[in-house]
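Please read the structure below before turning to the comments.
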Amino acid sequence: MQDFLKNFSLEGKVAWVTGASYGLGLAYAVAFAQSGAKVVFNDINQDLVDKGIAEYEKQGIKAYGAVCDVTKEDQVQKFVADVEKEVGTIDILVNNAGIIKRIPMVDMTVDQWQQVIDVDLTGPFICAKAVLPAMIAKKSGKIINACSMMSEFGRETVSAYAAAKGGLKMLTRNICSEYGQYNIQCNAIGPGYIATPQTAPLREKQADGSMNPFDRFIRSKTPAQRWGKTEDLMGLAVFLASPASDFINGQVVYIDGGISAYIGQDPNNLDPSKFEDIDESQAQ
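Residues in the sequence shown are numbered consecutively from 27, following the working numbering.
Have a look at this one:
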């Protein structure tokens, strides 16, 4: 049993999580560090990088962070080269950086559409392309893409995001298809609705003290009747980054409390008194 559990260790590995100054990316990186990996991350500006480094230090983690725009191939190639020099060859890549623009399709400009596609789909392509040669040479590597429930479902106002995440699902499968022969696994995590500072406005009480309609809607569609926590994603991230998942490839695993398996119930039938409270101060 002891030898089997070693398969979940990331000791000696270098893990790069894009956009990991806060939120889900930070949670993935913390999980990797706690499992023995050296953490590196990038973000779009120095303020965010500094914020991330301070948060890692607060948790006792020494992380390497630098400014890098995942949509700029020259910046990504330089970042990877610098990491190899300063920390070591990247063993694990998590394509976490992403944006969403909630705009009705007929009102969305082509530039707005393209920005979402560039960050959410082209960025992962550029980052994967940058780390794959070293992984091929070592015959070992893990790439984890941040997909979404929008990889499978449509929803109003998120046409560009859904298109990008659907494309990322297929990029995940194609990396598996092309590079599985080199013992490289590419899988994806599909989070459901997670309690983070970015989603906090969707859970705010109304002026009269009643539930936010969107909060009620999400709980009615989720068998667990709660929002996810960042901690809910950490175990799967470590598993997909570890040798324990070496024969799992090209898959998207949804962490959504069962929402993708459930047709839902009438939101008016929910009993808020039974809900687990969310400590917004702890939401990363």
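Just so it is clear, CB atoms sit at the ideal spot from N, CA and C, and this is done for glycine as well. None of these values were measured; they are calculated from a predicted model.
Inset, instruction - Leaving aside the five residues before and after V120 along the sequence, list all residues of the same chain whose C-beta is less than 6 Å from its C-beta, in chain order. - result: Walking along the sequence shown from the start, residue 120 turns up at place 94. Only V43, Y54 and I170 meet the Cβ criterion.
Inset, instruction - Run the CB neighbour count on N122, radius 10 Å, all protein chains shown included, and call it buried at 16 or more, exposed below. - result: In the sequence shown, the residue the question calls residue 122 occupies position 96. Classification of N122: buried, given that the 10 Å Cβ count is 16 or more.
Legend entry - Length of the line joining the Cα atoms of Y82 and D137: Here residue 82 refers to the residue found at position 56 of the sequence shown. Here residue 137 refers to the residue found at position 111 of the sequence shown. For Y82 and D137, the distance between alpha carbons rounds to 35 Å.
Legend entry - Contacting residues, own chain, Cβ-Cβ under 8 Å from V279 (five flanking each side not counted): Here residue 279 corresponds to residue number 253 of the sequence shown, with the count starting at 1. N213, A214, I215, G216, L262 and L266, listed in sequence order.
Legend entry - Contacts around F34, its chain only, beta-carbon distance under 6 Å, and the 5 residues preceding and following it disregarded: Mapped onto the sequence shown, residue 34 falls at position 8. Closer than 6 Å at the Cβ level, and outside the excluded window around F34, lie S268 and A270.
Legend entry - Inter-residue Cα distance where the pair is N295 and A226: Your numbering for residue 295 matches position 269 in the sequence shown. Your numbering for residue 226 matches position 200 in the sequence shown. Cα to Cα, the separation comes out at about 23 Å.
Legend entry - Nonlocal neighbours in the same chain, by C-beta distance under 7 Å from F243, ignoring five residues either side: Position 217 of the sequence shown, counted from the first residue, corresponds to residue 243. P293.
Inset, instruction - Would you please state the rounded distance, in angstroms, between the beta carbons of D146 and L194? I believe it to be under 8 Å. - result: For the purposes of this step, residue 146 is taken as residue 120 along the sequence shown, with counting starting at 1. For the purposes of this step, residue 194 is taken as residue 168 along the sequence shown, with counting starting at 1. Confirmed, about 7 Å.
Legend entry - Close Cβ partners of A287 (< 8 Å) along its chain, the five nearest in sequence each way excluded: In the sequence shown, residue 287 corresponds to position 261, counting from 1. So the qualifying residues of the chain are P249.
Legend entry - Whether S166 touches K191 by CB criterion (8 Å): In the sequence shown, the residue the question calls residue 166 occupies position 140. In the sequence shown, the residue the question calls residue 191 occupies position 165. Cβ atoms of S166 and K191: not closer than 8 Å.
Inset, instruction - Enumerate in chain order the residues of its own chain whose CB-to-CB distance from Q291 is below 6 Å, with the five nearest sequence positions on each side excluded. - result: Sequence index remark: in the sequence shown, residue 291 carries index 265 (1-based). Close CB contacts of Q291 within its chain, under the 6 Å cut and outside five residues either way in sequence, are with S246 (chain order).
Inset, instruction - Consult DSSP for Q211 and reduce its assignment to one of helix, strand or coil. - result: Translated into positions along the sequence shown, residue 211 becomes position 185. Here Q211 sits in strand by DSSP.
Legend entry - Nearest candidate by alpha-carbon position, reference K98, set K64, A156, W253 and G51: Position 72 of the sequence shown, counted from the start, is the residue given in the question as residue 98. Ranking K64, A156, W253 and G51 by Cα distance to K98 puts A156 first.
Inset, instruction - With DSSP as the reference, label T148 as helix, strand or coil. - result: The residue you call residue 148 lines up with position 122 of the sequence shown. Residue state, collapsed to three classes: helix.
Inset, instruction - Please name the residue, chosen from S61, Y48, L50 and G45, that lies closest to K32 on a Cα-to-Cα basis. - result: The residue given as residue 32 occupies position 6 in the sequence shown. With distances taken between Cα atoms, K32 lies closest to S61.
Legend entry - Collapsed DSSP secondary structure at P130 in the structure displayed: Here the question's residue 130 lines up with position 104 in the sequence shown. Coil.
Legend entry - Runs of beta strand (DSSP E) wholly within the segment 186-248 (minimum 3 residues, chain order): Fully enclosed beta strand (DSSP E) runs of 3 or longer: 210-217.
Inset, instruction - Assign I285 to buried or exposed, taking buried as 16 or more other Cβ atoms, counted over all protein chains shown, within 10 Å of its Cβ. - result: Here the question's residue 285 lines up with position 259 in the sequence shown. Buried: at least 16 other Cβ atoms inside 10 Å.
Inset, instruction - Could you check if T222 is buried or exposed, using at least 16 other CB atoms within 10 Å of its CB as the buried criterion? - result: For this step, residue 222 is matched to residue 196 along the sequence shown. With 16 or more other Cβ atoms within 10 Å, it is buried.
Inset, instruction - Evaluate M27 with the Cβ neighbour count: other Cβ atoms within 10 Å of its Cβ, from every protein chain shown; 16 or more gives buried, anything less gives exposed. - result: Residue 27 sits at position 1 when you count from the first residue of the sequence shown. Caution applies to M27, whose pLDDT of 49 falls short of 50 and renders its modelled position unreliable; the model cannot decide the point.
Inset, instruction - For the alpha helix (DSSP H) containing I143, list its first residue and its last residue. - result: The residue you call residue 143 lines up with position 117 of the sequence shown. Per DSSP, I143 belongs to the alpha helix (DSSP H) from V136 to I143.
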